[in-house]
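Visitor: Everything in the sequence shown is counted per UniProt numbering, starting at 1 for the first residue and increasing by one.
In this text, a Cβ means the ideal position worked out from N, Cα and C, and glycines have one as well.
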Amino acid sequence: MADYLVIVESPAKAKTIERYLGKKYKVKASMGHVIDLPKSQMGVNVEEGYKLKYITIRGKGDVLKDLKKSAKKAKKIYLAADPDREGEAIAWHLAHALNVDENSKCRVVFNEITKDAIKESFKNPRSIDMDLVDAQQARRVLDRLVGYNISPLLWKKVKKGLSAGRVQSVALKMIIDRENEINDFKPEEYWSIEASFLKDQDSFEGAFYGIDGKKLELKSEAEVKEVLNKLVDKQFTINTVTKKERRRNPALPFTTSSLQQEAARKLNFRAKKTMMIAQQLYEGIDLGKAAGGITGLITYMRTDSTRISETAKGEAKEYVENKYGSEYLGTERKEKKSENAQDAHEAIRPTSVMREPNSLKTVLSRDQLRLYKLIWERFLASQMAPAILDTMSVQLVNNNVEFRANGSKVKFKGFMKVYVEGTDDNKKDEDKFLPNLEEGMIVEASEIKPNQHFTQPPPRFTEARLVKTMEELGIGRPSTYAPTLDTIQRRGYVTLDNKRFVPTELGIIVVDLLKEFFPEIIDVEFTAKMEHDLDSIEEGEVEWVNIIDDFYHGFQKRLTKAEEEMEKIEIKDEPAGIECENCGHEMVYKMGRYGKFLACSNFPECRNTKPILKEIGVTCPTCKKGNVVERKSKKRRVFYGCDRFPECDFVSWDKPIARPCPKCDSLLVEKRLKKETQIVCTNCDYQENTQG
1 MADYLVIVES PAKAKTIERY LGKKYKVKAS MGHVIDLPKS QMGVNVEEGY
51 KLKYITIRGK GDVLKDLKKS AKKAKKIYLA ADPDREGEAI AWHLAHALNV
101 DENSKCRVVF NEITKDAIKE SFKNPRSIDM DLVDAQQARR VLDRLVGYNI
151 SPLLWKKVKK GLSAGRVQSV ALKMIIDREN EINDFKPEEY WSIEASFLKD
201 QDSFEGAFYG IDGKKLELKS EAEVKEVLNK LVDKQFTINT VTKKERRRNP
251 ALPFTTSSLQ QEAARKLNFR AKKTMMIAQQ LYEGIDLGKA AGGITGLITY
301 MRTDSTRISE TAKGEAKEYV ENKYGSEYLG TERKEKKSEN AQDAHEAIRP
351 TSVMREPNSL KTVLSRDQLR LYKLIWERFL ASQMAPAILD TMSVQLVNNN
401 VEFRANGSKV KFKGFMKVYV EGTDDNKKDE DKFLPNLEEG MIVEASEIKP
451 NQHFTQPPPR FTEARLVKTM EELGIGRPST YAPTLDTIQR RGYVTLDNKR
501 FVPTELGIIV VDLLKEFFPE IIDVEFTAKM EHDLDSIEEG EVEWVNIIDD
551 FYHGFQKRLT KAEEEMEKIE IKDEPAGIEC ENCGHEMVYK MGRYGKFLAC
601 SNFPECRNTK PILKEIGVTC PTCKKGNVVE RKSKKRRVFY GCDRFPECDF
651 VSWDKPIARP CPKCDSLLVE KRLKKETQIV CTNCDYQENT QG
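#1: Helix, strand or coil for tryptophan 544, going by three-state DSSP, please let me know.
#2: So, with DSSP's three-state summary, where would you put proline 660?
#3: Taking the DSSP output, what are the residues bridged to cysteine 681?
#4: Counting beta carbon pairs with one atom in the region 267-276 and one in the region 344-361, are three or more of them shorter than 8 Å?
#5: Taking 7 Å as the cut-off, is the CB of glutamate 463 close to at least one heavy atom of the ligand FAD?
#6: Using C-beta distances below 7 Å, list every residue in its chain close to glutamate 377, excluding the 5 sequence neighbours before and after it, in chain order.
#7: Are the beta-carbon atoms of lysine 625 and glutamate 444 separated by less than 8 Å?
#8: Quick one: any contact between the region 111-122 and the region 133-145, if contact means 3 or more CB pairs under 8 Å?
#9: Where do the ends of the alpha helix (DSSP H) carrying valine 224 lie?
#10: In whole angstroms, what separates the C-alpha of phenylalanine 639 from that of lysine 468?
#11: Hey, isoleucine 348 and isoleucine 294: beta-carbon distance below 8 Å or not?
#12: Of all the options Leu154, Phe603, Gly577 and Asn436, which has the alpha carbon lying nearest to the alpha carbon of isoleucine 612?
#13: With H, G and I counted as helix, E and B as strand and the rest as coil, what does DSSP make of methionine 470?
#14: Can you find the residues in the same chain that come closer than 8 Å, C-beta to C-beta, to isoleucine 679, ignoring five residues on each side of it along the sequence?
#15: Output the distance between the C-alpha atoms of methionine 31 and isoleucine 57, rounded to the nearest integer angstrom.
#16: Going by DSSP, what residues sit across from cysteine 642 in a beta bridge?
#17: Whole angstroms are fine: how far does the CA of alanine 482 sit from the CA of glutamate 531?
#18: Between the alpha carbons of glutamate 447 and lysine 243, how many angstroms are there, rounded?
#19: Write down the C-beta distance between cysteine 642 and cysteine 664 rounded to the nearest angstrom, noting that I regard them as a contact closer than 8 Å.
#20: Measuring straight from C-alpha to C-alpha, what distance separates residue 695 and arginine 248?
#21: Near residue 734, which residues of its chain fall below 8 Å by C-beta distance, leaving aside the five closest residues on each side in sequence?
#22: Closest by CA to glutamate 472, which one among Pro435, Asn183 and Glu525?
#23: Applying the criterion that 16 or more other CB atoms from any shown protein chain within 10 Å of the CB defines a buried residue, is tryptophan 544 buried or exposed?
#24: Bridge partners of serine 536, per DSSP?
#25: Asparagine 400 and aspartate 212 look like a contact to me (Cβ under 8 Å); what is the Cβ gap, rounded to whole Å?
#26: Count the other CB atoms, across all protein chains shown, that sit within 10 Å of the CB of alanine 222; report buried if there are 16 or more and exposed otherwise.
#27: Taking one C-beta from the region 304-320 and one from the region 383-391 each time, how about it: are there three or more such pairs within less than 8 Å?
#28: Whose C-alpha, out of Phe650, Cys606, Ile128 and Trp155, is nearest the C-alpha of isoleucine 90?
#29: For phenylalanine 412, which of helix, strand or coil comes out of DSSP?
#30: Measure from the alpha carbon of glycine 61 to the alpha carbon of each residue in Gly43, Lys72, Ala74 and His33, then state which is nearest.
#31: Pick from Asp177, Asp535 and Phe518: whose alpha carbon is nearest that of phenylalanine 555?
#32: Excluding the five sequence neighbours on either side, which residues of its own chain have a C-beta within less than 6 Å of the C-beta of lysine 568, listed in chain order?
#33: Is the separation between the beta-carbon of tyrosine 50 and that of isoleucine 548 shorter than 8 Å?
#34: Is the Cβ of alanine 291 closer than 8 Å to any Cβ of chain B?
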């Protein structure tokens with residue numbers, strides 16, 4: 001039997017660490033928590049100072065028994081759960097279960113699962129940090145007091161299976177508030193005037209700015225005509241030319257939030273998927289014997305810090321200098337620390353920048369490789385020199401009517417040679433050409449085109465945008481973003497339409513009830529302050545019982561009032577206006593996990609259900625009888641098929657167009673590429689101009 005027992009959470013992590021530590025160490029996995037609050041009851045005794053009732057989790061009895069057996073034979077036990085509040089709580093529970101003194105040097109933490117990091121952490125074990133444990137307990141108690149009191153109330157008054165939570169309810173309210181903004185939005189008309197200018201053989205674009213040197217907003221077509229009437233012929237004089245050099249700094253390395261946002265933009269990953277794959281990369285991938293066996297490829301993925309170790313900076317510097325040259329080396333930048341950031345860990349980075357993504361193609365899955373590449377490129381770019389852009393701004397005047405043209409050209413790519421941060425609006429990052437222009441030159445406007453616009457409502461939240469907003473407001477913490485978004489979808493409070501959150505009727509009802517009876521639960525400022533107070537427990541500044549007690553007294557009064565005054569709400573099924581083909585009863589709309597669907601009103605006698613099919617106005621090109629409808633695959637990906645399925649088997653990932661190909665009379669489809677949309681023929685080479 002080995003001299004030392006090391007306990008981690010996962011088998012993958014156990015395999016990696018055991019290989020680094022050698023024969024004297026036996027590494028076992030607890031499979032996460034083995035001891036926790038019971039699921040069937042609150043497990044918090046309010047009358048006895050919020051005393052917690054901990055039990056062995058159902059199904060974990062054998063795991064704990066095996067750990068106890070191994071612990072009896074070991075000279076020393078090390079608890080090496082993840083380096084966060086949750087990990088500290090797991091270590092504390094295990095210490096009590098295995099009779100390990102929590103004040104002894106039994107706790108080992110590491111930010112990355114590499115040989116050097118593991119060996120160094122075992123040279124410096126510490127005692128269990130009770131401030132971290134208390135911070136985790138406080139969150140668990142608070143979530144229990146809220147969830148296990150409000151959820152049963154919602155079951156009784158609305159429907160079974162609902163829940164309310166400290167973070168999820170605020171996130172849901174933010175989605176509903178945004179939907180209300182969109183519904184209440186009144187578009188306002190405005191106009192722009194675009195012009196194409198010619199300088200010798202070169203053309204460039206400009207836009208109307210104002211008159212007599214003053215900026216002028218155009219609100220109507222009459223104002224546009226007034227401006228156009230002032231123009232004398234099409235000759236414009238270049239009044240001023242301003243040339244500057246602009247430096248653009250690289251984005252900082254990833255935090256949990258920025259990783260989820262960028263993975264959504266660039267890889268189309270949901271937050272839950274991003275964290276699942278990141279966990280795999282952190283815990284270790286088998287690279288093969290020649291490459292070192294099972295190795296952790298990235299640092300810990302739950303962090304709000306952009307800090308980087310000096311060792312990692314040094315390795316990145318060596319890599320950049322060898323690969324790109326010394327001119328691409330970045331200078332020391334001061335990391336911006338968010339007001340809500342705790343800075344407990346480093347940023348998310350590769351454990352070795354020398355491990356290039358291309359070298360891992362044979363050992364990583366497609367999605368693992370894509371996420372690793374994103375993390376690797378972001379980190380490397382963050383350590384590189386700024387990009388240098390030459391910019392030019394030009395004023396063009398015709399009878400005191402001023403147009404402006406702006407251009408930029410990358411002079412030195414710097415970090416952009418490796419990586420450029422994505423944006424939510426999908427704007428292309430490219431040079432905007434302007435020819436060599438000088439003051440006093442005359443250029444001709446080849447085209448002057450007025451355009452009518454209307455102001456747009458704020459966009460619905462994507463997962464990335466919601467995570468970013470939650471982080472900015474101080475709602476939730478790195479470990480809560482993905483589970484929060486998952487919960488509000490599983491509860492049927494929101495659906496996703498074109499990757500954007502849309503609240504359901506059920507979600508709106510729940511928030512309205514919370515707003516009436518528990519306003520603090522869905523108040524952004526209150527929730528952000530509570531997060532701050534909970535963080536102060538971690539810093540050892542306040543006792544966790546005091547924080548909970550301050551909250552619970554007011555909450556208990558509201559709970560009593562809600563139980564007495566909240567009226568029962570019946571969510572009636574909406575008639576669909578069609579009969580069930582199985583029994584003849586009326587079909588109704590019901591709400592499921594993935595949105596509305598059709599079901600027979602004669603349930604449970606008749607269990608007929610069917611998806612709501614969205615017609616796109618195209619006759620099926622295969623059978624010529626049915627209509628093409630929008631469908632969704634098991635993975636929620638949109639495709640198109642005939643509504644006569646299974647009699648007709650027509651399917652297409654690309655959206656069919658309601659007109660034939662002018663060249664061969666075959667089916668036209670709309671093909672969505674990364675940055676644009678094309679209309680192409682499914683039979684010949686016909687293709688229409690791309691649209692942005």
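Guide: So, from the listed chains and residues:
#1: Here residue 544 is taken as the residue at index 544 of the sequence shown, counted from 1. Helix, per DSSP.
#2: As a first step, residue 660 is located in the sequence shown; it is residue number 660 there, counting from the start. Strand, per DSSP.
#3: Residue numbering aside, residue 681 sits at position 681 when the sequence shown is read from its first letter. Paired residue(s): Leu668.
#4: Per the Cβ contact rule, the region 344-361 is not in contact with the region 267-276 (fewer than 3 Cβ pairs under 8 Å).
#5: Here there are no bound small molecules, and the ligand FAD is not part of this structure.
#6: Start at 1 with the first residue of the sequence shown, and residue 377 comes out as number 377. Val418 and Tyr419.
#7: Locating residue 625 in the sequence shown gives position 625, where the first residue counts as 1. Locating residue 444 in the sequence shown gives position 444, where the first residue counts as 1. Taking 8 Å as the Cβ cut-off, lysine 625 and glutamate 444 do not qualify as a contacting pair.
#8: Put simply, the region 111-122 does not touch the region 133-145. Fewer than three CB pairs are less than 8 Å apart.
#9: The residue you call residue 224 lines up with position 224 of the sequence shown. Where valine 224 is concerned, the enclosing alpha helix (DSSP H) stretches over 221-230.
#10: The residue labelled residue 639 in the question sits at position 639 within the sequence shown. The residue labelled residue 468 in the question sits at position 468 within the sequence shown. Near 30 Å, if we compare the C-alpha coordinates of lysine 468 and phenylalanine 639.
#11: Sequence index remark: in the sequence shown, residue 348 carries index 348 (1-based). Sequence index remark: in the sequence shown, residue 294 carries index 294 (1-based). No.
#12: The sequence position of residue 612 within the sequence shown is 612, counting from 1. Proximity to isoleucine 612 across Leu154, Phe603, Gly577 and Asn436 peaks at Gly577, based on C-alpha coordinates.
#13: As a position in the sequence shown, residue 470 is number 470, starting the count at 1. In this structure, methionine 470 counts as helix in the three-state DSSP scheme.
#14: The sequence position of residue 679 within the sequence shown is 679, counting from 1. Closer than 8 Å at Cβ, skipping near neighbours: Ile657, Leu668, Val669, Glu670, Lys671, Gln687 and Glu688.
#15: What you label residue 31 is simply residue 31 of the sequence shown in a count that begins at 1. What you label residue 57 is simply residue 57 of the sequence shown in a count that begins at 1. C-alpha separation (whole angstroms): 11 Å.
#16: By one-based count along the sequence shown, residue 642 stands at place 642. Per DSSP, Val628.
#17: Indexing the sequence shown from 1 puts residue 531 at position 531. Indexing the sequence shown from 1 puts residue 482 at position 482. Annotation: glutamate 531 to alanine 482 spans about 17 Å, alpha carbon to alpha carbon.
#18: The count along the sequence shown starts at 1 and reaches residue 447 at position 447. The count along the sequence shown starts at 1 and reaches residue 243 at position 243. In this model, glutamate 447 and lysine 243 are separated by some 25 Å (Cα to Cα).
#19: Here residue 642 corresponds to residue number 642 of the sequence shown, with the count starting at 1. Here residue 664 corresponds to residue number 664 of the sequence shown, with the count starting at 1. The Cβ separation is near 22 Å, so there is no contact.
#20: With the chain covering only 1 through 692, there is no way to say anything about residue 695.
#21: Residue 734 cannot be examined here, being either before or after the span of the chain that is shown, 1 to 692.
#22: Position 472 of the sequence shown, counting from 1, holds the residue named residue 472. Nearest option by C-alpha distance: Glu525.
#23: Numbered from 1 along the sequence shown, position 544 holds the residue referred to as residue 544. Classification of tryptophan 544: buried, given that the 10 Å Cβ count is 16 or more.
#24: Position 536 of the sequence shown, counted from the first residue, corresponds to residue 536. Serine 536 is bridged by DSSP to nothing; it lacks a bridge partner.
#25: One-based indexing of the sequence shown puts residue 400 at position 400. One-based indexing of the sequence shown puts residue 212 at position 212. Rounded, the Cβ-Cβ distance is 5 Å, consistent with contact.
#26: Against the sequence shown, residue 222 aligns to sequence position 222. The residue in question, alanine 222, is exposed, as its Cβ has fewer than 16 Cβ neighbours within 10 Å.
#27: yes
#28: Residue numbering aside, residue 90 sits at position 90 when the sequence shown is read from its first letter. For the residues Phe650, Cys606, Ile128 and Trp155, the minimum Cα distance to isoleucine 90 belongs to Ile128.
#29: By 1-based counting over the sequence shown, the position of residue 412 is 412. Of the three classes helix, strand and coil, the one that applies to phenylalanine 412 here is strand, per DSSP.
#30: Within the sequence shown, residue 61 is the residue found at index 61, counting from 1. Checking every option, the nearest Cα to that of glycine 61 belongs to His33.
#31: Indexing the sequence shown from 1 puts residue 555 at position 555. The shortest Cα separation from phenylalanine 555 among Asp177, Asp535 and Phe518 belongs to Phe518.
#32: As a working mapping, residue 568 is identified with position 568 in the sequence shown. Taken in chain order, the residues that qualify are Lys157.
#33: Locating residue 50 in the sequence shown gives position 50, where the first residue counts as 1. Locating residue 548 in the sequence shown gives position 548, where the first residue counts as 1. For the 8 Å CB-CB criterion, tyrosine 50 and isoleucine 548 form a contact.
#34: Absence of chain B from the displayed structure is noted, only one protein chain being present.
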